[in-house]
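In terms of the working numbering, the sequence shown opens at residue -17 and continues consecutively. Don't be surprised by glycine CBs; every beta carbon is placed ideally from N, CA and C. Nothing here was measured: the structure is a model prediction, and the numbers come from that model.
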Amino acid sequence: MSMDANEVRQAFVSFFEKRGHHHQASASLIPHDPTLLFTVAGMVPFKAYFTGEQIPPFNRAVSIQKCVRAGGKHNDLDEIGRTSRHFTFFEMMGNFSFGDYFKAEAITWAWEFVVDVLALDPERLWVTVHLSDDEAAEIWVNQVGVPPDRLQRLDEDNYWKMGSTGPCGPCSEIYWDKGPEFGAAGGPKYGDQDRYIEIWNLVFMQFEQQSDGTKSRLPKPSIDTGMGLERTVSVLQGVDSVWETNELRALLETAAGLTSVDLATASDEQKVSLRIVADHARSTSMLVSDGVFPSNEARGYVLRRILRRAVRHSYILGVDSTANAQSTVMGQMVDRVVEIMGPHYPDLVKNAAFIRDVIAREELRFRETLRTGQAILDNEMSKLLTDDSSATSQQLSGATAFLLHDTYGFPLELSEEITNEHGIKVDKDGFRLAMAEQQKRAKDARHEDSTTDSAPLVALLQNHGETHFTGREETESTAEIIYLDDKTVVLNRTPFYAEAGGQIGDTGSILTESAEITVADTRYGVPGLIVHQIGSVSGTPEVGQKVTATIDNQRRELIRRNHTATHLLHSALRTILGDHVKQQGSYVGPDRLRFDFSHYEALSAPQITEIEDYVNAQVLTNAHCNHFETTMEEAQRLGAIAFFGDKYGDVVRVLQAGPNSTELCGGTHVRA
Ligand code: SER
């Protein structure tokens, strides 16, 4: 009996737990990292541990991370349905070493897992290493015993980067040979891509790609591996492609049923469309569950694009566009996704009705634009066809093709297909130009180039550890200066709150025997290290001097009232609008508060009044606020809301603001 997805998940985690790895639950698909649209790999939540910006609470970790590759550098969208191995959503199993073990352990364990636990035939496994990586090649051949003729060296394919910035390094991959019926022999380097399927990538993280194109060394060589769950299951189940594994096959059957296509006799193109519907149903359900909503910007835009692409393919398959909200194709696909994946993703079950609602609404909305887009295309074509000038003018402009693609969800290929039927070409260069301009705008919006030099601060963190924050107990502390330059000062301990979780940084003063520094703002230089921004200096402060650090307490009092109020507002929103409401950001200052949240429609005036009344009623009860440290397990048991899904420390801080609001929060708050 071959293993199913769940058995593989369990085997992977337990194999690495036995080898001292901490099991880390999957983080959200929305990363903290501003340079990424989605969580594209298992290493994303651990980025700061690799770069040394954050001290890891464990040196080894194992995770099964949900990933989406549908935008930015890692984008598999156009491959979906056309290959036997790509998805927009997939699960990546990985083991990680943060400056602990390196190549020898990563390689020998990977082999042991594949050969001994999964029981894959070693004769059908191939490995690749980077051109320059003699060390990895030596381990594979001499320590593991892989025959040298089944090891190949690749260049760029064996160098892994997180994005245009971030950790990177040479990598080594394990491939499975599906057999001669799947194409030419020759191993991953020379053979057919559909025949040699990559199942595991071991990255030897050693560098950090900087935005200026240079690379710096990571503090310590580290390991990041990624094994695709679905691909591995397809190999274990001996099926031709990932689409034939139980879960995907079940989704394909549902898609076929909804579109009245017979899976057994479907044409190749129909199969591609069915796979697109099935794959996109998974990724869109998971994205909405993690708080992404269809919109015209960034993540929401990518979600919209995926969703519309799926809807369009269901219509190509012949779905009747007059269906009502109950019978939307994607709404019904969501039901099936929840049924199939729910047992492993309880959030999907919890959010099911909401996910269905968001996705069905978007499908209904798209029907309009689908009709409008087709009308634009018909109109342009009839203009071109009645214009009897030379054949060169019989070209759909790049700008129109891009408008159709961008606004109406018509991929270039569809516009081409339709126009070609009438002997009209599409100006593809013009299309690419319009696309490049748009991508540049998207890139600018992602602030890809906003990294600063954090090396001196990382060194401080490594020498002195995290700054001890005293500002929950006192407003004035004695401390010592451990770093000083024109603009910033760092103390070993401080009552100054550094901007985090929306709460702005404290201001105040730092007095030494011979000098006075006013503090204009306080921030984390790198996670864990509190840095005071200097407003003005009189006298000559020096590193090593004892100081008295005092915050502007009147200002802090105003800030903490606003911070507790954001929690009341959050609980009001969830009570009145529903549990799907997710915090997207906030501003908590002395002057006001702002709370950003996701919801699928604008609030009505009566809803706003109801929310205000709810918060005011809570304030008037003057209930006790309880702010305490506990374990993550206990916080979960108490039902604490943790919006961003991925807190790593075992110890977390919980705020209970009266009886109805329990959240993880590291801010400062009122007592009642
Ligand atoms: N980060 C690598 C990848 O995504 C290995 O996990 O392939």
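Nearest-angstrom Cα separation, counted from residue j out to residue i
i: Met614; j: Ser379; result: 56 Å
i: Phe348; j: Gln175; result: 36 Å
i: Gln515; j: Ala88; result: 43 Å
i: Phe164; j: Gly621; result: 50 Å
i: Glu321; j: Ser8; result: 20 Å
i: Ala246; j: Leu113; result: 44 Å
i: Asp103; j: Leu133; result: 16 Å
i: Glu138; j: Ala334; result: 41 Å
i: Leu289; j: Ala263; result: 8 Å
i: Asp98; j: Arg281; result: 41 Å
i: Gly627; j: Val472; result: For Gly627, the pLDDT reaches just 45, beneath the cut-off of 50, and the residue's location in the model is therefore unreliable, although a value from the coordinates is still provided. Cα to Cα, Gly627 sits roughly 30 Å from Val472.
i: Pro617; j: Val634; result: The residue asked about is misnamed: residue 617 is Ala in this sequence, not Pro. Those two C-alpha atoms are separated by around 8 Å.
i: Arg1; j: Ala502; result: 48 Å
i: Tyr630; j: Gly567; result: With a pLDDT of only 46 at Tyr630, under the threshold of 50, the placement of this residue in the model should not be trusted; the figure read from the coordinates follows. Distance between the alpha carbons of Tyr630 and Gly567 is about 20 Å.
i: Asp578; j: Tyr297; result: 36 Å
i: Asp131; j: Tyr141; result: 21 Å
i: Met323; j: Leu330; result: 8 Å
i: Arg51; j: Met74; result: 12 Å
i: Gln565; j: Ala118; result: 45 Å
i: Ile662; j: Arg338; result: Past the edges of the chain, shown from -17 to 654, lies residue 662, and the structure says nothing about it.
i: Met363; j: Ala383; result: 12 Å
i: Leu233; j: Asp244; result: 14 Å
i: Ala639; j: Cys647; result: 11 Å
i: Ser79; j: Trp91; result: 13 Å
i: Val636; j: Thr612; result: 7 Å
i: Gly127; j: Asp388; result: 52 Å
i: Asp(-14); j: Ile400; result: 42 Å
i: Thr207; j: Gly195; result: 24 Å
i: Ile558; j: Ile464; result: 49 Å
i: Glu456; j: Thr33; result: 33 Å
i: Gln273; j: Val563; result: Just to set this straight, residue 273 is Gly in the shown sequence, not Gln. About 8 Å.
7 Å Cβ cutoff met for residue i and residue j
i: His545; j: Gly649; result: yes
i: Val301; j: Thr241; result: yes
i: Leu285; j: Leu269; result: yes
i: Gly63; j: Val221; result: no
i: Pro203; j: Gln188; result: yes
i: Val44; j: Phe(-2); result: yes
i: Ile499; j: Val525; result: no
i: Ala547; j: Leu575; result: yes
i: Glu345; j: Met315; result: no
i: Gly148; j: Gly76; result: no
i: Trp108; j: Gly169; result: yes
i: His549; j: Glu645; result: yes
i: Ala342; j: Thr310; result: yes
Residue i beta carbon near the ligand SER (any heavy atom closer than 6 Å)
i: Gly81; result: no
i: Val185; result: yes
i: Met25; result: yes
i: Trp182; result: no
i: Asp206; result: yes
i: Gly640; result: no
i: Gly76; result: yes
i: Trp142; result: yes
The alpha helix (DSSP H) enclosing residue i, as first and last residue numbers
i: Glu344; result: 334 to 368
i: Arg213; result: 211 to 218
i: Ser(-4); result: -13 to -1
i: Thr241; result: 228 to 241
i: Gly169; result: 169 to 172
i: Asn445; result: 437 to 446
i: His295; result: 280 to 298
i: Tyr506; result: Premise fails: Tyr506 lies in the beta strand (DSSP E), 497 to 508, not in any alpha helix (DSSP H).
Extent of the continuous beta strand (DSSP E) run through residue i
i: Ser255; result: Run containing Ser255: none in the beta strand (DSSP E); it sits in the alpha helix (DSSP H), 250 to 271.
i: Ala547; result: Note, Ala547: premise wrong, no beta strand (DSSP E); alpha helix (DSSP H) at 535 to 559.
i: Phe577; result: 575 to 580
i: Gln314; result: From DSSP, Gln314 is part of no beta strand (DSSP E) but of the alpha helix (DSSP H) over 311 to 323.
i: Gln134; result: 133 to 136
i: Lys564; result: 564 to 570
i: Phe32; result: Phe32 -> not in any beta strand (DSSP E); alpha helix (DSSP H) instead, spanning 29 to 33.
*Residue ranges of each beta strand (DSSP E) within the region 47 to 85, 3 or longer*: 71 to 79
*Could you give the uninterrupted runs of the beta strand (DSSP E) lying entirely in the region 87 to 124, keeping only those of 3 residues or more?*
107 to 112
*Taking only runs of the alpha helix (DSSP H) that begin and end inside the region 585 to 634, which ones reach a length of at least 4 residues, in chain order?*
587 to 603, 614 to 619
*asked:* Which complete alpha helix (DSSP H) runs does the region 384 to 420 hold, if anything under 4 residues is left out?
replied: 394 to 402
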